[in-house]
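Novice: Starting off with a structure, shown below.
Number of protein chains: 2
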Amino acid sequence: MNKIIDVTELALRDAHQSLLATRLALEDMAPACADIDRAGYWSVECWGGATFDACIRFLNEDPWERLRTFRRLLPNSRLQMLLRGQNLLGYRHYEDGIVDRFVDKAAENGMDVFRIFDALNDIRNIRHSVGAVRRNGKHAQGTICYTVSPLHTSETFVEMGERLVELGCDSICLKDMAALLRPQAAYDIVKGIKTRCGEGVRIHVHTHSTTGVTLVSLMKAIEAGADCVDTAISSLSLGPGHNPTESLVAMLDGSGYEARLNKSRLQRIKDHFAALRPRYQAFMSNIHGVDTDIFDSQIPGGMISNMESQLKQQKAENRLAEVLLEVPRVREDAGFPPLVTPSSQIVGTQAVFNVLMGRYKVMSSEFADLMLGYYGKAPGERDPAVLALAEQHAHKKAIVQRPADLLQPEWEALSAAATALAGCNGSAEDVLTYAMFPQVAPAFFTSRALGPKNLGAAPDVAPSGTGVEPGAAVPLRTPVAYDVKLNGHSHRVLVTPVGA
Amino acid sequence: MNKIIDVTELALRDAHQSLLATRLALEDMAPACADIDRAGYWSVECWGGATFDACIRFLNEDPWERLRTFRRLLPNSRLQMLLRGQNLLGYRHYEDGIVDRFVDKAAENGMDVFRIFDALNDIRNIRHSVGAVRRNGKHAQGTICYTVSPLHTSETFVEMGERLVELGCDSICLKDMAALLRPQAAYDIVKGIKTRCGEGVRIHVHTHSTTGVTLVSLMKAIEAGADCVDTAISSLSLGPGHNPTESLVAMLDGSGYEARLNKSRLQRIKDHFAALRPRYQAFMSNIHGVDTDIFDSQIPGGMISNMESQLKQQKAENRLAEVLLEVPRVREDAGFPPLVTPSSQIVGTQAVFNVLMGRYKVMSSEFADLMLGYYGKAPGERDPAVLALAEQHAHKKAIVQRPADLLQPEWEALSAAATALAGCNGSAEDVLTYAMFPQVAPAFFTSRALGPKNLGAAPDVAPSGTGVEPGAAVPLRTPVAYDVKLNGHSHRVLVTPVGA
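Protein chains in written order, with the numbering used here: chain A, 461 to 960; chain Z, 461 to 960.
As structure tokens, then:
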């Protein structure tokens, strides 16, 4: 008898977050849901991460309505989300009352599996969400953010797994957001947790495919006893995304393991996303093939493009190489945090500041907070001199307690502020939307009635009519006349995309 | 101590054959050779397969001069070629005297390692080349063509490996030209040969990456004892090509195995090919990402595009689905040959004939020859009715002996015909070129003096600073091919973002 390997499908969340800048419209996902719902996945990741932000910022779409739609379209599936622990889906710490309300509402609207992580792997930032999920009778998955540093060994990750099990998590996720998880490390960590905590502890493994090695890592994780792996349907896979679901199925053939998925449904899901992907070309990641430089720089691809655009704004594009060398120093000063939202942005921005203005001459308030413990406990020792500078910059002292313990209850104030906004419907969901993104929510509430935009529909062919925002880059579909200077002569040139 | 895993770099042959239709110009490969020569590869595949044909058909380049150039540019490397056994680099069987001359000349011009295969896995078609290579004191690698059929089990491939070892091969190659080799099969076959023939038998594994699973297969082959694996530098990898060299290196980190390659040289090789790849966009394979349909159809991607173009010529594009269903029936009728040059073309063309004109109403002479044993012994039983039809069509009887045993010495006749051609330099190399491609060689001899073409040079587009002005907000991240009308004339223009 083969051991069944469960699969989480990422197409509806992390796949398009990683490949299409989180821009996939709900109406482009909905037609695939009947097949996804019956393909045999253990769960369908479809919410959380950056999707909440993208919904209200770019798509004029109510993220709670999206969740309810998925619940309706995927009646037989476990819906899964990615939750940033005490940060929820925002970029700051929330007090426990807000965490409770958020988890209650997510559960009430249909969420089943909550994958909960903290960017610093600080268990204290995960604990309250885990309790809230379990109180709702839902599945709380505690997450280890995998990273590479002089401090991080397989043993440190096994220890964290053990602590997550002690916390009462229903399962453990080993999450490799930068595709740095090599096969042997995957094997050692999964094996270590199973050995330490018992074979019955359920382990899920999430990898990205950027470096080209992580399907092998999934194989070794499975050999070590992993119960579930994350993949994306092939037409929304690879590059900075994930390993293809169909390749995982084929990989296991004859191995004594089996991913029991319905092949004809996978075929239809693949065809569906293959057909719409070209419409989102403008948002497509420019990482193709594999990027193994990450193993040396340990800087995820998304972080590099962030830093590039910051440098461009300062007309200092030529200093990227210096910034790439500065990132590991800043990371070491901060005690080797994993580089994942929000620590990747914080460390990257500070590295840019250091190069442009001198080391720690200017310090972002976020970096000061990171140094001072306001995001949680760093994995290693922080540099004492930089710590002292951070206290000067921020005019406050370093803390050792859980950051959320410093916060006062804020539901009433947030509720009052949100319900005062034009277009706010007064629901707890709207208050939570405002709580996550107070800068973005007001405009969204005002425009919500216009309905969701489909950014994948080019304006000249758009059936849905909402079209593309003015100024948004769209792929060239129609002939365009250019004046072209060639060898000093001006020519009128008509350019037509081949096969358009 | 880690076990060292040897690596064969494919960039100079199979990688551009698979990704760029074998069009890569020698002058675009030469600058990478110094780094390739010192990166630590076990061998550098750089000749044979379709490169000989492509040189004289498309590039106006003397393939023998290419070999001498590589010999000069790669003084520290084992040069490796792919040889089609008794077919050499052509598409018919040659008598043993021609095989001897070809191998002698290849060795004399610098070839070290001869990977020798037969499309039907008929050892009799491999035997003479192996002897010729060994007589020259060079490395003879006997090749198992991996395929999937009701007849083919891991055991059948292990048995073939055993026979190749008995033949005196210096090493065995397990060659997976269609990316069908799943991890467990890779493990079982390599383990089986090592167990049966001894750990000292050297095993190389060649896979394509089309289905996305074969880096895992390389890992399992290595765990089973494989000594050397084939990869391509990342910027010429993936899709219908091969697994990335850098990913292999990273995959093995910490595993007890090690590919001892020089990382900074790999980086420079990668950068070199990354920079020139966009210039070859017009020849780029249109398979992106992964294609796992092959597992069901067992029809390699290249074969499908061949059949598509045949159907298009007959204005019958809409009948591809029928042809795809017909291929496995034709293959079964022919005794389940592996689908690789030339059997893939022969089976594919017959399937097209069957669909368009009725089953075996018309039979290609090549398919009749395949049925009648003129390419060698099929792996399984052939359909008796189709065999009888083949005898009728071809007006000859089926044979059981080695096809080359029916051939008369032909060097003198070929030599006379070749040297009579304008532009033939009278060398044995020129006679062999004529022997391989008698239809193409005459025109090549005439135009040879004009020198090699670089089809990647995109002569219509000036190197930089010209081209399309960024008047529209079009995010060109990758080169795009356009039809451009200029002064009433149509040009195919490749537009590449400056600095991309």
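Note that CB positions come from ideal geometry on N, CA and C, so glycine has one too.
Cα-Cα, which of Z:Trp-502, Z:Leu-534 and Z:Ala-878 is closest to His-599 of chain Z?
Specialist: Ranking the options by Cα distance to His-599 of chain Z, first place goes to Z:Trp-502.
Novice: Nearest to Leu-639 of chain Z by alpha carbon, out of Z:Asn-581, Z:Met-620, Z:Gln-546 and Z:Phe-755?
Specialist: According to the sequence provided, residue 639 of chain Z is Ala. The question's Leu does not apply to it. Out of Z:Asn-581, Z:Met-620, Z:Gln-546 and Z:Phe-755, Z:Phe-755 has the C-alpha closest to the C-alpha of Ala-639 of chain Z.
Novice: Under 7 Å, CB to CB, which of the residues in the stretch 749-770 of chain A have a partner in chain Z?
Specialist: Answer in chain order: Gly-749, Val-750, Thr-752 and Phe-755.
Novice: Taking beta-carbon pairs under 7 Å, can you tell me which members of the stretch 708-731 of chain A lie near chain Z?
Specialist: So the close ones are Ala-710, Met-711, Asp-713, Gly-714 and Ser-715.
Novice: In chain order, which beta strand (DSSP E) runs of at least 3 residues are fully inside the stretch 523-601 of chain A?
Specialist: The qualifying runs are 539-543 and 573-576.
Novice: Please classify Thr-926 of chain Z: does DSSP put it in a helix, a strand, or coil?
Specialist: Interpretation of Thr-926 of chain Z is limited by its pLDDT of 31, a score under 50 that renders its predicted location unreliable; the figure taken from the coordinates is listed afterwards. If DSSP states are grouped into helix, strand and coil, Thr-926 of chain Z belongs with coil.
Novice: Note down, in chain order, every chain Z residue with its Cβ under 7 Å from the Cβ of Thr-671 of chain A.
Specialist: By Cβ distance, chain Z contributes Ser-707 and Ala-710.
Novice: Flag this pair as touching only if the stretch 509-526 of chain A and the stretch 887-898 of chain A have three or more C-beta atom pairs under 8 Å; answer yes or no.
Specialist: With the cut-off at 8 Å, the stretch 509-526 of chain A and the stretch 887-898 of chain A touch.
Novice: Going by C-alpha distance, which of A:Met-489, A:Arg-473 and A:Asp-474 is nearest Ala-735 of chain A?
Specialist: Minimum Cα distance to Ala-735 of chain A is reached at A:Met-489.
Novice: So, His-702 of chain Z versus His-748 of chain Z, is the Cβ gap smaller than 8 Å?
Specialist: No.
Novice: Distance, Cα to Cα, Phe-617 of chain Z vs Lys-775 of chain Z?
Specialist: The alpha-carbon atoms of Phe-617 of chain Z and Lys-775 of chain Z are separated by roughly 41 Å.
Novice: Flag this pair as yes or no: are the beta carbons of Gly-840 of chain Z and Phe-904 of chain Z separated by less than 8 Å?
Specialist: Taking 8 Å as the Cβ cut-off, Gly-840 of chain Z and Phe-904 of chain Z do not qualify as a contacting pair.
Novice: Between the stretch 470-499 of chain A and chain Z, which residues of the former have a C-beta closer than 9 Å to a C-beta of the latter?
Specialist: Of all residues in the stretch 470-499 of chain A, none has a Cβ within less than 9 Å of some Cβ in chain Z.
Novice: Counting Cβ pairs closer than 8 Å, one from the stretch 686-695 of chain Z and one from the stretch 464-474 of chain Z, do we hit at least three?
Specialist: The answer is yes - the stretch 464-474 of chain Z touches the stretch 686-695 of chain Z, with three or more Cβ pairs under 8 Å.
Novice: If you reduce the DSSP assignment to three classes, tell me which class Leu-634 of chain Z lands in.
Specialist: Reduced to three states, the DSSP call for Leu-634 of chain Z is strand.
Novice: Assuming Gln-546 of chain A and Val-559 of chain A make a contact with CB atoms under 8 Å, what is their CB distance in whole Å?
Specialist: Sure, about 6 Å apart at Cβ, within 8 Å.
Novice: Could you tell me which chain Z residues have their CB closer than 8 Å to the CB of Pro-704 of chain A, listed as they occur along the chain?
Specialist: Result: Gly-672, Gly-749, Val-750 and Thr-752.
Novice: Could you give the DSSP three-state label for Glu-841 of chain Z: helix, strand or coil?
Specialist: Three-state DSSP puts Glu-841 of chain Z in coil, outside helix and strand.
Novice: Taking the continuous beta strand (DSSP E) assigned at His-664 of chain A, which residues delimit it?
Specialist: Counting along the chain, the beta strand (DSSP E) containing His-664 of chain A begins and ends at 663-667.
Novice: Along the chain, where does the alpha helix (DSSP H) that runs through Thr-879 of chain Z open and close?
Specialist: Start and end: 871-879.
Novice: Lys-654 of chain Z and Val-661 of chain Z - do their beta-carbons sit closer together than 8 Å?
Specialist: Cβ distance < 8 Å, so Val-661 of chain Z and Lys-654 of chain Z count as in contact.
Novice: With a cut-off of 8 Å, do at least 3 Cβ pairs link the stretch 763-783 of chain Z to the stretch 589-603 of chain Z?
Specialist: Judged by Cβ distances under 8 Å, the stretch 763-783 of chain Z makes no contact with the stretch 589-603 of chain Z, as fewer than three pairs qualify.
Novice: Just checking my contact of Ile-729 of chain Z with Ala-492 of chain Z at CB under 8 Å: how many whole Å lie between their CB atoms?
Specialist: Ile-729 of chain Z to Ala-492 of chain Z, Cβ: 5 Å. Contact.
Novice: Check the Cβ-Cβ distances between Met-679 of chain Z and every residue of chain A, and say whether any is below 8 Å.
Specialist: True, the Cβ-Cβ gap to chain A drops below 8 Å.
Novice: Rounded to the nearest angstrom, what separates Pro-898 of chain Z and Leu-641 of chain Z at their Cα positions?
Specialist: The straight-line gap from Cα to Cα measures roughly 36 Å.
Novice: Between the alpha carbons of Leu-936 of chain Z and Gln-861 of chain Z, how many angstroms are there, rounded?
Specialist: Summary for Leu-936 of chain Z: the model assigns pLDDT 38, below 50, so the residue's position carries little reliability; its value from the coordinates is reported in the next sentence. The alpha-carbon atoms of Leu-936 of chain Z and Gln-861 of chain Z are separated by roughly 59 Å.
Novice: Check distances from the C-beta atoms of the stretch 849-883 of chain Z to those of chain A and list, in chain order, the residues that come in under 9 Å.
Specialist: Going along the stretch 849-883 of chain Z in chain order, one finds no residue with a Cβ nearer than 9 Å to chain A.
Novice: On the three-state DSSP scale, how would you describe Pro-863 of chain A?
Specialist: Of the three classes helix, strand and coil, the one that applies to Pro-863 of chain A here is helix, per DSSP.
Novice: How close, in whole Å, do the beta carbons of Phe-733 of chain A and Ser-695 of chain A come, if the pair is a contact with beta carbons under 8 Å?
Specialist: Yes, they are in contact, since the Cβ atoms of Phe-733 of chain A and Ser-695 of chain A sit about 4 Å apart, within 8 Å.
Novice: For Ala-781 of chain A, decide whether its Cβ has a neighbour in chain Z, counting only Cβ atoms nearer than 8 Å.
Specialist: Output row for Ala-781 of chain A: interface = no.
Novice: By the criterion of Cβ-Cβ separation under 7 Å, what are the contact partners of Leu-641 of chain A in chain Z?
Specialist: By Cβ distance, chain Z contributes nothing, its closest Cβ being about 10 Å from Leu-641 of chain A, past 7 Å.
Novice: Output the distance between the C-alpha atoms of Thr-938 of chain A and Gln-741 of chain A, rounded to the nearest integer angstrom.
Specialist: With a pLDDT of 44 at Thr-938 of chain A, under the threshold of 50, the predicted position of this residue should be treated as unreliable, though the coordinate-derived value follows. One C-alpha to the other measures close to 15 Å.
Novice: How should Glu-505 of chain A be labelled, buried or exposed, when 16 other C-beta atoms within 10 angstroms of its C-beta is the threshold for buried?
Specialist: Looking at its Cβ environment, which holds 16 or more other Cβ atoms inside 10 Å, Glu-505 of chain A is buried.
Novice: Bridge partners for Ile-464 of chain Z per DSSP, in chain order?
Specialist: Paired residues: Z:Glu-718.
Novice: Just list the alpha helix (DSSP H) runs in the stretch 461-503 of chain A, keeping only unbroken ones of 4 residues or longer that don't cross its boundaries, in chain order.
Specialist: Runs found: 476-479, 486-489 and 493-498.
Novice: Going by DSSP, which residues form a beta bridge with Ile-604 of chain A?
Specialist: DSSP output for Ile-604 of chain A lists A:Leu-634 as bridge partner(s).
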